[in-house]
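Enquirer:
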Amino acid sequence: MHHLIYSSTSAVPFSEEQLHTLLSQARANNEQQGLTGILLYHAGQFMQLLEGPPAAVHALYNHIAQDPRHTGIIKLADKPVENRSFPDWSMAFRVVNDEQFNLLLGYQSPETTNIAPSGLSAADSLLLGIMHAFMLRDDSEQETPAQ
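What follows is the structure, encoded as structure tokens:
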């Protein structure tokens, strides 16, 4: 089992309809590849955790890195794990506000900082905990797991 966390900036703004189309496609593809995870979105910025078989995780990340809709991709974590953090979600999704997005481990925009890929490895579990907390919140924005 492997997980990879990255952040990126959207090259063009996504409408709500485009986000839901992207999510539907991701859920279908991820289920076929044995991948799970979470996608957070805020004002043109993505943060995503992918988890599953190492080859599938890296293949999807490489595909995303080549996608012209993503710019400024920063790999935050890339390592083997014992268990999935989001085993019931082919792709959990949440749109977050400014305050929530900034809570992501003191997140700073790729335009304003240069985060070394190894710089977050010690805090990986904290980042996972925060991402997981967004999915456990009981509010109207929360998506349900894909069945």
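So that you can map any letter, position 24 of the sequence shown is 24 in full-length UniProt numbering, and since no number is skipped, the others follow by simple counting. We put the CB at the ideal spot given by N, CA and C, even for glycine. These numbers were taken from a predicted model, which means no experiment stands behind them.
Could you name the residues that DSSP lists as bridge partners for Pro80?
Expert: His2
Enquirer: For Gly37 and Met91, which I take to be in contact (beta-carbon distance under 8 angstroms), what is that distance rounded to the nearest angstrom?
Expert: 6 angstroms
Enquirer: Return the chain-ordered list of same chain residues with a C-beta closer than 7 angstroms to the C-beta of Leu50, the five sequence neighbours on each side being excluded.
Expert: His3, Leu4, Leu35, Gly37, Val57, Leu60, Tyr61
Enquirer: Taking the alpha carbon of Phe86 as the reference point, which residue from Leu39, Ala28, Glu17 has its own alpha carbon closest?
Expert: Leu39
Enquirer: How big is the Cα-Cα spacing for Pro80 and Pro53?
Expert: 9 angstroms
Enquirer: Might you give, ordered along the chain, the residues of its own chain that have their beta carbon closer than 8 angstroms to the beta carbon of Leu22, omitting 5 neighbours on each side?
Expert: Phe14
Enquirer: Assuming Ser10 and Arg69 make a contact with CB atoms under 8 angstroms, what is their CB distance in whole Å?
Expert: 6 angstroms
Enquirer: Using the Cβ count rule (16 or more neighbours within 10 Å means buried), how would you classify Ala43?
Expert: Exposed: under 16 other Cβ atoms inside 10 Å.
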